[in-house]
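First up is the structure itself, then whatever we jot down about it.
Chains as they are written, first to last, in this note's numbering: chain W, 2 to 87; chain V, 102 to 680.
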């Protein structure tokens, strides 16, 4: 299990289209992926959990990955989130 | 045979069309308890329903154009969502049957979405409810959402319409609606006004009399529903509908014009709202702010007092939507005659004179502080103001300011942003506050006169009581004199005076109110354009002369005669001020 901090940088935050892109991306991974802000932990494969977090641009969150090739997967996930547009 | 039903006018306009009966899915539909050995079976039913629904939606996706496909794919994601499954399973494990578990889980998620305060996420709440409904219909083996898949434009008649209905219905297909339940300030009525759809609510015996496919007329201005109208009635309704459409088009052209008299006096026109979502409509109608945000609705939505976060989200939404225009939040005006189902009140002989509004809040400082903190936090996002209802004494305003100061200290300690200079005003709606207006003006940042209650208390006449109805009028000389006194007291102390009762939305009253010197008028957004038209047709000096005459009048009838004469001689001609 590994964790990494990341800041949401795309303008509309993790809402609507960007949020579904992230969950679709994560769904293909075989392990467990969670997103944590303050005391709230959410399953990143759930669009409903992600949307309820209401993450705006600038939100600082922790990603937690537990599964095969964690290091490599974490890197690609962080990259994916940082390259979100819209 | 023609049948005419009278009820509550909820949203103005005339709709004529074939009836579509909305049977809908009752909240309680198929709600049963299961036993522990049925848990696995219910879970399997849920999984099967999800699979079937996904197939349905997938078919829609396959047949749809790219835009609709993207929307429906989002719906697919909701159906397959692990959180939804988890929430449903938790409720099944608490021995709810699958239908009810889905309902509860869907509501829980939708409410969480609504609490984020993010507009896009809040809109997704309707998607969640929609899919929860699809699942329940699948589980129930019932019809695919009656009334929603209507082919041709129709008038929807229902016992009640769920909040999600207005979000999922097709605006082009719904000409108007009427419901058996609800009042003028119920969710359905508010949404109808927001979407500018003719609606009548509280129609007794509606569903029994209604017939699918027969013609109905819904007149949301008059508050009538006519079933199977005869040729004469139909022709009259068509003429009225046409006239309204024409008038609406004329008024629409006024929206961007300022509310100023011919001689350049400006009066600010603002909207009264009950739900934060009404802000968009208010702006569309040309409102320069929200003069009255009734917060009661927030308290009536759930099964408990709304949390600070829920309220914060609502106030912040309004503050952001109005983008720098003021939003006056009236603190909880409840108790006595307006009860909350989850709170027990002591029985009262005379609720209108009982434990309500600021009295209730000061007796329950915990509840009050939650609201004050939420308003303060939201004040960092726009021009929010606080308005205290039912004030009869300086002590009440003082106690409110003390609680507010305590909330500010807490927020400072927590490092949260808020407007340190937030304005705190009072509703002037009790005789005591009129008499004490000069002294209250020294302590309040603004006045807002609530003429509905003020007239009731000044005249000691319950406006809901038909026996004393003739006594109740906001044109009673005592009310007119009271208005003058409050405006003068406010202006002498350098504070602004708003009027936010129904009187503000009555075009006939507008010349009088301007003449009395009111700075702002706040009203239902739908009446705002016609009030603006009135303002633009006036000259300040004529209005002042009218006010002086009205102040000298001895009876309600005399005041009304003066106003009627003024309308004939100085009121807007049909196309005047529209050029």
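The C-beta atom is built at its ideal place from N, Cα and C for all residues, glycine as well.
Considering residue i, what are the terminal residues of the beta strand (DSSP E) in which it resides?
i	result
residue 601/V	Element bounds for residue 601/V: n/a, residue is neither H nor E.
residue 522/V	First-last for residue 522/V: undefined, no H or E at that position.
residue 624/V	621–625
residue 112/V	109–112
residue 35/W	33–38
residue 377/V	Unbroken run through residue 377/V: none, as it is neither H nor E.
residue 609/V	Unbroken run through residue 609/V: none, as it is neither H nor E.
residue 328/V	325–328
For a test of the three-state rule: what should DSSP assign to residue i, helix, strand or coil?
i	result
residue 569/V	coil
residue 276/V	strand
residue 548/V	strand
residue 102/V	coil
residue 10/W	coil
residue 586/V	helix
residue 669/V	helix
residue 300/V	strand
residue 179/V	helix
residue 347/V	helix
residue 259/V	strand
residue 86/W	coil
residue 65/W	strand
residue 485/V	strand
residue 119/V	strand
Could you pull out every residue in the same chain whose Cβ sits closer than 8 Å to the Cβ of residue i, ignoring the five residues on either side in sequence?
i	result
residue 654/V	578, 581, 660, 663
residue 494/V	533, 537
residue 18/W	87
residue 134/V	196, 197, 198
residue 680/V	Because residue 680/V carries a pLDDT of 33, less than 50, the predicted location of this residue cannot be relied on, and no value is offered for it.
residue 446/V	436, 437, 440, 456
Leaving aside the five residues before and after residue i along the sequence, list all residues of the same chain whose C-beta is less than 6 Å from its C-beta, in chain order.
i	result
residue 81/W	26
residue 703/V	No answer is possible for residue 703/V: the residues shown for chain V start at 102 and end at 680.
residue 644/V	612, 615, 616
residue 225/V	214
residue 505/V	473
residue 304/V	106, 108, 279, 281, 326
residue 463/V	500
Can you give me the start and stop residues for the alpha helix (DSSP H) that residue i sits inside?
i	result
residue 496/V	495–514
residue 553/V	552–559
residue 317/V	Here residue 317/V belongs to no alpha helix (DSSP H); instead the beta strand (DSSP E) covers 316–320.
residue 643/V	641–653
residue 237/V	220–241
residue 392/V	No alpha helix (DSSP H) holds residue 392/V; the beta strand (DSSP E) holding it covers 391–395.
residue 208/V	199–216
residue 24/W	17–28
residue 533/V	532–536
Taking only beta-carbon atoms, is residue i less than 8 Å away from chain W?
i	result
residue 254/V	no
residue 550/V	no
residue 182/V	yes
residue 424/V	no
residue 680/V	Residue confidence for residue 680/V is low, a pLDDT of 33 falling below 50, so the modelled location carries little weight and cannot support an answer.
residue 210/V	yes
residue 185/V	yes
residue 213/V	yes
residue 248/V	Interpretation of residue 248/V is limited by its pLDDT of 41, a score under 50 that renders its predicted location unreliable; the figure taken from the coordinates is listed afterwards. Output row for residue 248/V: interface = no.
residue 221/V	yes
residue 435/V	no
Please report whether the beta-carbon of residue i lies at a distance below 8 Å from any beta-carbon of chain V.
i	result
residue 82/W	no
residue 33/W	no
residue 55/W	yes
residue 17/W	yes
residue 77/W	no
residue 52/W	yes
residue 48/W	yes
residue 24/W	yes
residue 44/W	yes
Here's a check: name, in chain order, each residue in its chain whose Cβ is nearer than 7 Å to the Cβ of residue i, leaving out the five neighbours to either side.
i	result
residue 86/W	11
residue 33/W	67, 68
residue 142/V	none
residue 185/V	179, 206, 210
residue 128/V	Note that residue 128/V scores a pLDDT of 49, beneath 50, so its modelled location is shaky and nothing firm can be said.
residue 482/V	417, 420, 421
residue 140/V	193, 194
So is the beta-carbon of residue i under 7 Å away from any non-hydrogen atom of the ligand HEM?
i	result
residue 64/W	What this structure holds is no ligand at all, so the ligand HEM is not there to describe.
Could you name each continuous alpha helix (DSSP H) segment of 4 residues or more that falls completely within the region 408–476 of chain V, going from the start of the chain to the end? 409–422, 458–464
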